[in-house]
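Inspection log for the structure reproduced underneath, given as structure tokens.
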Amino acid sequence: RILIVDDQVLIRESLHAFLSMQPGYSIVGEASNGQEALQQTRALKPDIVLMDVRMPVMDGVEATRRLREAGLGCKIIMLTTFDDDEYVFEALRNGAVGYLLKDSPAEKLFEAVRTAVRGESFLQPSIASKVVAEFARLAAHQASQPVQVLAEPLSSRELDILRLLATGASNREIASRLYLAEGTVKNHVTNILGKMNVEDRTQAALKARECGLV
Numbered sequence: 705r706i707l708i709v710d711d712q713v714l715i716r717e718s719l720h721a722f723l724s725m726q727p728g729y730s731i732v733g734e735a736s737n738g739q740e741a742l743q744q745t746r747a748l749k750p751d752i753v754l755m756d757v758r759m760p761v762m763d764g765v766e767a768t769r770r771l772r773e774a775g776l777g778c779k780i781i782m783l784t785t786f787d788d789d790e791y792v793f794e795a796l797r798n799g800a801v802g803y804l805l806k807d808s809p810a811e812k813l814f815e816a817v818r819t820a821v822r823g824e825s826f827l828q829p830s831i832a833s834k835v836v837a838e839f840a841r842l843a844a845h846q847a848s849q850p851v852q853v854l855a856e857p858l859s860s861r862e863l864d865i866l867r868l869l870a871t872g873a874s875n876r877e878i879a880s881r882l883y884l885a886e887g888t889v890k891n892h893v894t895n896i897l898g899k900m901n902v903e904d905r906t907q908a909a910l911k912a913r914e915c916g917l918v
């Protein structure tokens with residue numbers, strides 16, 4: 705059960721005629737914008753929504769987000785002429801399971817639909833390469849950033865002290881390494897223990913490792 709969403713009548717009619725010829729495919733409706741897509745999806749309960757990106761009233765990315773939040777259970781494949789990074793990542797973040805360009809061969813469209821029905825994701829190679837590159841960028845960024853899961857985050861100075869504390873360094877040694885007064889380090893350590901909700905330096909070191917702070 706497929707719903708076709710595109711603001712161009714010719715595209716909708718072409719897809720309708722084309723997909724209707726395939727065994728097992730039933731075109732249950734059409735929509736010309738994201739708002740209509742929401743209404744039609746609620747009324748017709750399609751398994752697959754072929755969603756254009758740029759449309760009047762409500763674009764495909766916003767419609768995808770709202771469909772996901774509504775929990776209607778349909779699988780959304782973005783079918784568009786645009787492969788801009790912003791559209792790709794926003795569509796996938798908002799719940800699309802596939803992203804296909806309109807100049808793709810017919811078999812790619814059929815494959816995307818079959819893949820979505822199985823509950824899997826489909827990305828054509830040019831789109832997949834963008835996603836892989838973005839994941840690599842995010843992984844590198846996250847690896848360079850501490851993962852703080854504390855009610856109150858630690859300051860950069862407190863993180864520096866915590867990292868040294870986790871190696872077993874004393875307040876005096878930390879003070880020497882960071883060119884701070886020993887009393888200042890002691891105050892920071894007290895604040896660190898409070899923010900981490902632990903009683904001593906050992907517990908702080910253990911929790912820091914669990915949280916990815918060191």
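For reference, each letter of the sequence shown is one residue, going 705 to 918 in the numbering used here. Idealized CB from N, CA, C, for every residue including glycine. The structure displayed is predicted, hence computed values, not measured ones.
Strand pairing of K779, partner residues [DSSP]
Reading the sequence shown from its first residue, position 75 is the one you call residue 779. K779 pairs with I752.
Tell me, which residues are paired with I708 by DSSP?
Here residue 708 refers to the residue found at position 4 of the sequence shown. DSSP lists E734 and L754 as partners of I708.
Beta-carbon contacts of V765 that lie in its chain and below 7 Å, excluding the five residues immediately before and after
The residue given as residue 765 occupies position 61 in the sequence shown. Hits under 7 Å: V757, Y791, E794, A795 and N798.
For the alpha helix (DSSP H) that G872 lies in, which residues bound it at each end?
Your numbering for residue 872 matches position 168 in the sequence shown. Note, G872: premise wrong, no alpha helix (DSSP H); not H, not E.
C-beta contact flag for I781 and A816 at 9 Å:
Position 77 of the sequence shown, counted from the start, is the residue given in the question as residue 781. Position 112 of the sequence shown, counted from the start, is the residue given in the question as residue 816. Going by C-beta atoms, I781 is nearer than 9 Å to A816.
Where does R716 land, buried or exposed, given buried means 16+ other C-beta within 10 angstroms?
Numbered from its first residue, the sequence shown carries residue 716 at position 12. Result: buried.
For G728, write down the residues that DSSP places opposite it in a beta bridge.
Working through the sequence shown from its first residue, we reach residue 728 at position 24. Its beta-bridge partners do not exist; DSSP assigns none.
What span of residues does the beta strand (DSSP E) with L804 cover, start to end?
Within the sequence shown, numbered from 1, the residue matching residue 804 stands at position 100. Note, L804: beta strand (DSSP E), G802 to L805.
Using the C-alpha atoms, what's the distance from G733 back to V713?
Position 9 of the sequence shown, counting from 1, holds the residue named residue 713. Position 29 of the sequence shown, counting from 1, holds the residue named residue 733. Cα-Cα distance, rounded: 13 Å.
Would the beta-carbon of V902 fall within 9 Å of that of R867?
Position 198 of the sequence shown, counted from the first residue, corresponds to residue 902. Position 163 of the sequence shown, counted from the first residue, corresponds to residue 867. No, these two residues do not count as a Cβ contact at 9 Å.
Following the continuous alpha helix (DSSP H) through V893, name the residue where it begins and the one where it ends.
In the sequence shown, the residue the question calls residue 893 occupies position 189. E886 to M900 is the extent of the alpha helix (DSSP H) around V893.
Looking at C-alpha atoms only, which residue of L910, V889 and R861 is the closest neighbour of T871?
Translated into the one-based positions of the sequence shown, residue 871 becomes position 167. Comparing Cα-Cα distances from T871 to each of L910, V889 and R861, the minimum goes to L910.
Starting from R772, trace the alpha helix (DSSP H) both ways and give me its first and last residue.
Position 68 of the sequence shown, counted from the start, is the residue given in the question as residue 772. Its alpha helix (DSSP H) spans residues G764 to A774.
Could you check which residue in G823, K812 and F814 has the C-alpha nearest to that of L800?
Along the sequence shown, one-based indexing puts residue 800 at 96. Note that residue 800 corresponds to Ala in the displayed sequence, not to Leu. Ranking the options by Cα distance to A800, first place goes to G823.
Going by C-alpha distance, which of L723, V761, K899 and A774 is nearest L754?
Translated into the one-based positions of the sequence shown, residue 754 becomes position 50. Answer by Cα proximity: L723.
Looking at N875: is its Cβ nearer than 9 Å to the Cβ of E862?
On the sequence shown, residue 875 is found 171 positions in, with the first residue counted as 1. On the sequence shown, residue 862 is found 158 positions in, with the first residue counted as 1. No, these two residues do not count as a Cβ contact at 9 Å.
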